[in-house]
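Student:
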Amino acid sequence: EVNEIISAYAKFKVIKNEKLDYYINNTKRKLVKKSENYLYAQTNIVLILNLNNLTDYEKKYIANIYNIILGGGSLETKLYKKLRNEHSLCYNVGSMYQKYDGLILITTAVDINQENFAVKLIKESLKEMENNISDEEFNQAKELIISSLNMSMDNIGRVVDNYFYKNTSDLDDYETRIKEFKNIKKEDIYKFSKKVSISTIYSLVGGEKDEKN
Numbered sequence: 001e002v003n004e005i006i007s008a009y010a011k012f013k014v015i016k017n018e019k020l021d022y023y024i025n026n027t028k029r030k031l032v033k034k035s036e037n038y039l040y041a042q043t044n045i046v047l048i049l050n051l052n053n054l055t056d057y058e059k060k061y062i063a064n065i066y067n068i069i070l071g072g073g074s075l076e077t078k079l080y081k082k083l084r085n086e087h088s089l090c091y092n093v094g095s096m097y098q099k100y101d102g103l104i105l106i107t108t109a110v111d112i113n114q115e116n117f118a119v120k121l122i123k124e125s126l127k128e129m130e131n132n133i134s135d136e137e138f139n140q141a142k143e144l145i146i147s148s149l150n151m152s153m154d155n156i157g158r159v160v161d162n163y164f165y166k167n168t169s170d171l172d173d174y175e176t177r178i179k180e181f182k183n184i185k186k187e188d189i190y191k192f193s194k195k196v197s198i199s200t201i202y203s204l205v206g207g208e209k210d211e212k213n
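Take a look at the structure:
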């Protein structure tokens, strides 16, 4: 309805050019590990995940659901449950999908002596994404993103933004996006996970190490 009002009264003159290609196409590469020291009490960890040779559909839809289940959603993500709830390693852990860069960034901060254990648990979470996603995790992720889209449809600023990016990039309209997210199956996530690889592990090491550990 809002789209119809905008079209009826705004009378934008739209000059359609070729779609701009914002994407970086990643391929799997050798893992890089880097560590630096600083003065604070905890060690900050960043893992960069390469998303390799994705289809357009995977970039727009599957990657979003994958990221929400992994660490970009509520307090019930795989990373949060494993690092925070089960092992009390951190206050926060999360992941962020960088659509046009073809990356997912995982960030957390842990006690200096727990760095290796935290990375191990993150790798376990990534492994679970390949074949061990519960129905609850999957359904919650879909509900979260669909709910967010429905709320955006009531925000005139977001509607205008969506209309703009629909004409300059590959962003679909709200109705199409909601339909596509509803149609995603768990097997799509498992297939997508085979295209995910760790490219970088970066640690900003704080404090002094416990020599006993």
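Just so you know, we're using our numbering here: the sequence shown kicks off at 1 and counts up by one.
Just so you know, even glycine gets a beta-carbon here, dropped at the ideal spot from N, CA and C.
Please read all numbers here as calculations on a predicted model, not as lab measurements.
From Gly-71 to Asp-56, what distance separates their C-alpha atoms?
Tutor: Approximately 22 angstroms, taken between the alpha carbons.
Student: Can you tell me whether Lys-185 is buried or exposed? The criterion is at least 16 other CB atoms within 10 Å of its CB, across all chains shown.
Tutor: Answer is exposed; the Cβ neighbour count stays below 16.
Student: Buried or exposed, going by whether 16 or more other CB atoms sit within 10 Å of the CB of Ile-189?
Tutor: It counts as buried.
Student: I'd like to confirm the pairing. Which residues does DSSP put opposite Lys-33 in its beta bridges?
Tutor: Note: Lys-33 sits in a beta bridge opposite Ile-201.
Student: I believe Leu-105 touches Ile-48 by the beta-carbon criterion, under 8 angstroms. Please report the beta-carbon distance rounded to the nearest angstrom.
Tutor: Yes, they are in contact, since the Cβ atoms of Leu-105 and Ile-48 sit about 6 angstroms apart, within 8 angstroms.
Student: Label Asn-67 either buried or exposed according to how many other C-beta atoms from any shown protein chain fall within 10 Å of its C-beta, with 16 as the threshold for buried.
Tutor: Result: buried.
Student: Using a Cβ distance threshold of 8 angstroms, determine whether the stretch 141-155 contacts the stretch 84-94, with at least three qualifying pairs required.
Tutor: No: fewer than three Cβ pairs fall under 8 angstroms.
Student: In the DSSP assignment, find the beta strand (DSSP E) that holds Thr-176 and state where it starts and stops.
Tutor: It is not in any beta strand (DSSP E) - Thr-176 instead sits in the alpha helix (DSSP H) that spans 174-183.
Student: Considering Cα atoms alone, identify which of Val-119, Tyr-174, Asp-135 is closest to Ala-109.
Tutor: Nearest of Val-119, Tyr-174, Asp-135 to Ala-109, Cα basis: Val-119.
Student: State whether the stretch 120-130 contacts the stretch 144-162, with contact taken as three or more CB pairs (one from each stretch) at a distance under 8 angstroms.
Tutor: Cβ pair count under 8 angstroms is below three, so no.
Student: Sorted by chain position, which residues of the same chain lie with C-beta nearer than 8 angstroms to Leu-149's C-beta, five sequence neighbours on each side aside?
Tutor: For Leu-149, where only same-chain residues beyond five positions count, the Cβ hits under 8 angstroms are Tyr-174, Arg-177, Ile-178, Phe-181.
Student: My output table needs one value for Leu-47: the three-state DSSP class, helix, strand or coil.
Tutor: Leu-47: strand per DSSP, three-state reduction.
Student: Buried or exposed for Asn-213, please, with buried defined as at least 16 other CB atoms from any protein chain shown within 10 angstroms of its CB.
Tutor: In this prediction, Asn-213 has a pLDDT of 44, which is less than 50 and means its spatial position is unreliable; what the coordinates show is noted afterwards. Exposed, since its Cβ has fewer than 16 Cβ neighbours within 10 Å.
Student: Any idea what DSSP makes of Gly-94, helix, strand or coil?
Tutor: Note: Gly-94 maps to strand in three-state DSSP.
Student: Please report the Cβ distance between Glu-36 and Glu-76, rounded to the nearest whole angstrom; I am assuming they are in contact, meaning their Cβ atoms lie under 8 angstroms.
Tutor: With a Cβ gap of about 33 angstroms, Glu-36 and Glu-76 do not count as contacting.
Student: Throw me the rounded Cβ distance for the Tyr-97 and Asn-64 pair, which I believe falls under 8 angstroms.
Tutor: Correct: roughly 6 angstroms between the Cβ atoms.
Student: Which whole-angstrom value is the C-beta distance of Tyr-91 and Gly-206, which I expect to be below 8 angstroms?
Tutor: That belief does not hold up - the Cβ atoms of Tyr-91 and Gly-206 are roughly 14 angstroms apart, past 8 angstroms.
Student: Report yes if the CB atom of Ser-199 is closer than 8 angstroms to the CB atom of Asn-50, and no otherwise.
Tutor: It is a contact, given that the beta carbons lie within the stated cut-off.
Student: Can you tell me which of the three DSSP states Ile-65 falls into?
Tutor: Three-state result, Ile-65: helix.
Student: Starting from the Cα of Lys-78, find the closest Cα among Asp-101, Leu-121, Leu-89, Tyr-40 and give me that residue.
Tutor: Here the closest residue by C-alpha is Leu-121.
Student: With DSSP as the reference, label Ala-41 as helix, strand or coil.
Tutor: If DSSP states are grouped into helix, strand and coil, Ala-41 belongs with coil.
Student: Cutting at 7 angstroms between CB atoms, please list the residues of its own chain near Tyr-61, excluding the five before and the five after it.
Tutor: Excluding residues within five positions, the ones whose Cβ falls inside 7 angstroms are Glu-180, Phe-181, Ile-184.
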